[in-house]
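> Numbering (the working numbering), first residue to last: 8 to 340.
#1: By the DSSP assignment, the beta strand (DSSP E) with residue 44 in it spans what residues?
#2: Cβ of residue 285 within 7 Å of any heavy atom in the ligand NAD?
#3: On the premise that residue 80 lies in contact with residue 107, defined as a C-beta separation below 8 Å, what is that separation, rounded to the nearest angstrom?
#4: Does residue 105 come out as helix, strand or coil in the three-state DSSP assignment?
#5: If you compare alpha carbons, which of 182, 185, 286 is closest to residue 223?
#6: Less than 8 Å between the CB atoms is what I'm expecting for residue 94 and residue 116, so what's the real figure, rounded?
#7: Whose CA, out of 318, 289, 324, lies closest to the CA of residue 304?
#8: Please report the Cβ distance between residue 342 and residue 58, rounded to the nearest whole angstrom; I am assuming they are in contact, meaning their Cβ atoms lie under 8 Å.
#9: Are the region 213 to 227 and the region 330 to 340 in contact at 8 Å, needing three or more beta carbon pairs?
#10: Assuming residue 230 contacts residue 315 (C-beta within less than 8 Å), just tell me the rounded distance between them.
#11: CA-CA distance, residue 11 and residue 154?
#12: Rounded to the nearest angstrom, how far is the Cβ of residue 310 from that of residue 233, given a contact under 8 Å?
#13: Three Cβ pairs or more, each shorter than 8 Å: is that satisfied between the region 187 to 201 and the region 150 to 168?
#14: Buried or exposed for residue 34, going by 16 or more other Cβ atoms inside 10 Å?
#15: So who's on the other strand from residue 111, going by DSSP bridges?
#16: Whole angstroms are fine: how far does the CA of residue 109 sit from the CA of residue 194?
#17: Could you have a look at residue 286 and say whether DSSP puts it in helix, strand or coil?
#18: For residue 192, which option in 159, 88, 121, 244 has the closest C-alpha, if you only look at C-alpha atoms?
#19: Are the CB atoms of residue 180 and residue 227 nearer to each other than 8 Å?
#20: Looking only at its chain, what residues have a beta carbon closer than 6 Å to the beta carbon of residue 82, apart from the 5 residues adjacent to it on each side?
#21: So if DSSP puts residue 323 in a beta bridge, which residue, or which two residues, is it bridged to?
#22: Looking at residue 63: is its Cβ nearer than 8 Å to the Cβ of residue 27?
#23: In whole angstroms, give me the CA-to-CA distance for residue 267 and residue 210.
#24: Tell me which same chain residues have a C-beta within less than 8 Å of the C-beta of residue 307, skipping the five on either side of it?
#25: With 16 as the cutoff for other CB atoms within 10 Å, does residue 99 come out buried or exposed?
#26: Can you look up residue 168 in the DSSP assignment and give me helix, strand or coil?
#27: So is residue 298 buried or exposed if we call it buried at 16+ other beta carbons inside 10 Å?
#28: How long is the line joining the alpha carbons of residue 337 and residue 143, rounded to whole angstroms?
#29: DSSP three-state call for residue 129: helix, strand or coil?
#30: For residue 25, which three-state DSSP category applies?
#31: By DSSP, does residue 194 sit in helix, in strand, or in coil?
#32: Give the straight-line distance between the Cα atoms of residue 145 and residue 301, rounded to the nearest whole angstrom.
#33: Residue 204 by DSSP, collapsed to three states: which one?
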């Protein structure tokens, strides 16, 4: 009887092992940090579990399931979670939590495909090259969640029509939180196309006072809504050209509203002063990528800008240098 009992315990243990897999997180400089295991539930992020890393290690035990969608881990200090595809197999995540782009994930065949893809993607500089490379990968994986994940991650390289066409080729019943996010993003882009009306918002300015976009609509002939952050190198490189355009047209009816995706108020105000962004309207809710205007205007990257006429109608998007100047000049000439 005792042997039978022991045999049953072994069988139960084996069954338990067969019904779950492990996610092992081994990241330097993570000791004492809380590691969150997440997954999209429809369009909402669901925190499945959390563990405080000890000796730079954390582990999760996950019940196997039929959903092939990505899992994600998140830690304080990261700007976005790390996504990976487990396929019900053990996962090992290694690297340094302070060097996000060098973290390695060893997992399933699907993750292997993604790893190989990322090796090349991380070396691409031109938007057009990124478009062609990612589009080829997406078309090869239209029947699995790798496609919506990659398409959503690199959505900034695509016109809305191409995003819509590729999304339409994916199975309607595909289990993918990223497909749901992709469809939301597409609808958001449609709401901010040329010719659409402005979407109002209210945030605090540098003096802690409420500012609404509607405060300047109708008062200025042209309004540039500029999205940026002090920590964004590309934004800082674009700022001198923005200052030049403001210098040239501020007395002819141009106004600029700068929305910062900063989280550090001191860094935000210092960058305004250092870059001589001397127009009046600077606002932020100091929530980084959680800034409410990111959703309102479907902002997937910075710097970005949207140009309005006096009536609040969108007349230009994501313009730089001479393109932005010509758009302003077309109204103020």
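We put the beta carbon where it would ideally sit given N, CA and C, even for glycine.
Source: prediction; values computed, not measured.
If we stick to the structure as given:
#1: Numbered from its first residue, the chain shown carries residue 44 at position 37. Per DSSP, residue 44 belongs to the beta strand (DSSP E) from 41 to 48.
#2: Looking for the ligand NAD in the displayed structure turns up nothing, as the structure carries no ligands at all.
#3: Along the chain shown, one-based indexing puts residue 107 at 100. Along the chain shown, one-based indexing puts residue 80 at 73. With a Cβ gap of about 11 Å, residue 107 and residue 80 do not count as contacting.
#4: Within the chain shown, residue 105 is the residue found at index 98, counting from 1. Residue 105 falls in the coil class under three-state DSSP.
#5: If you number the chain shown from 1, residue 223 lands on position 216. The residue from 182, 185, 286 with its alpha-carbon nearest to that of residue 223 is 286.
#6: Looking up residue 94 in the chain shown gives position 87. Looking up residue 116 in the chain shown gives position 109. Contact holds; Cβ gap of about 7 Å.
#7: Start at 1 with the first residue of the chain shown, and residue 304 comes out as number 297. Residue 324 is the option with its Cα nearest to residue 304.
#8: Only positions 8 to 340 of the chain appear in this structure, which leaves residue 342 out of reach.
#9: Inter-segment contact for the region 213 to 227 and the region 330 to 340 is absent: fewer than three beta-carbon pairs are separated by less than 8 Å.
#10: What you label residue 230 is simply residue 223 of the chain shown in a count that begins at 1. What you label residue 315 is simply residue 308 of the chain shown in a count that begins at 1. With a Cβ gap of about 5 Å, residue 230 and residue 315 count as contacting.
#11: Sequence index remark: in the chain shown, residue 11 carries index 4 (1-based). Sequence index remark: in the chain shown, residue 154 carries index 147 (1-based). Caution is warranted here: a pLDDT of 49 is assigned to residue 11, below 50, making its placement in the model unreliable, and no coordinate value can be reported.
#12: Stepping through the chain shown from its first residue, residue 310 is reached at position 303. Stepping through the chain shown from its first residue, residue 233 is reached at position 226. So it is a contact: roughly 7 Å between Cβ atoms.
#13: yes
#14: Within the chain shown, residue 34 is the residue found at index 27, counting from 1. Under this definition residue 34 is a buried residue.
#15: Taking the chain shown and counting its residues from 1, the one referred to as residue 111 is at position 104. The partner list for residue 111 (beta bridge, DSSP) reads 101.
#16: Taking the chain shown and counting its residues from 1, the one referred to as residue 194 is at position 187. Taking the chain shown and counting its residues from 1, the one referred to as residue 109 is at position 102. Taking the straight line joining both Cα atoms gives about 33 Å.
#17: Here residue 286 refers to the residue found at position 279 when the chain shown is read from its first residue. Of the three classes helix, strand and coil, the one that applies to residue 286 here is coil, per DSSP.
#18: Your numbering for residue 192 matches position 185 in the chain shown. Taking only the C-alpha atoms, the option nearest residue 192 is 159.
#19: Taking the first residue of the chain shown as position 1, residue 180 is located at position 173. Taking the first residue of the chain shown as position 1, residue 227 is located at position 220. Cβ distance not < 8 Å, so residue 180 and residue 227 don't count as in contact.
#20: Here residue 82 refers to the residue found at position 75 when the chain shown is read from its first residue. Short of 6 Å from the beta carbon of residue 82, and not among the five residues preceding or following it, lie these beta carbons of its own chain, in chain order: 40, 42, 104.
#21: Working through the chain shown from its first residue, we reach residue 323 at position 316. In the DSSP assignment, residue 323 forms a beta bridge with 314.
#22: Residue numbering aside, residue 63 sits at position 56 when the chain shown is read from its first letter. Residue numbering aside, residue 27 sits at position 20 when the chain shown is read from its first letter. Cβ atoms of residue 63 and residue 27: not closer than 8 Å.
#23: Indexing the chain shown from 1 puts residue 267 at position 260. Indexing the chain shown from 1 puts residue 210 at position 203. Cα atoms of residue 267 and residue 210: separation of roughly 10 Å, rounded to the nearest angstrom.
#24: Position 300 of the chain shown, counted from the first residue, corresponds to residue 307. So the list reads 162, 163, 192, once near-sequence residues are dropped.
#25: Counting from 1 along the chain shown, the entry for residue 99 is found at position 92. Exposed, because fewer than 16 other Cβ atoms sit within 10 Å of the Cβ of residue 99.
#26: By 1-based counting over the chain shown, the position of residue 168 is 161. Helix, per DSSP.
#27: Numbered from 1 along the chain shown, position 291 holds the residue referred to as residue 298. Buried, by the Cβ-count rule.
#28: The residue labelled residue 337 in the question sits at position 330 within the chain shown. The residue labelled residue 143 in the question sits at position 136 within the chain shown. C-alpha of residue 337 to C-alpha of residue 143: approximately 38 Å in a straight line.
#29: As a position in the chain shown, residue 129 is number 122, starting the count at 1. It is coil, neither helix nor strand.
#30: Sequence index remark: in the chain shown, residue 25 carries index 18 (1-based). Here residue 25 sits in helix by DSSP.
#31: What you label residue 194 is simply residue 187 of the chain shown in a count that begins at 1. Helix.
#32: Position 138 of the chain shown, counting from 1, holds the residue named residue 145. Position 294 of the chain shown, counting from 1, holds the residue named residue 301. Each residue's alpha carbon lies about 25 Å from the other.
#33: Indexing the chain shown from 1 puts residue 204 at position 197. Residue 204 falls in the strand class under three-state DSSP.
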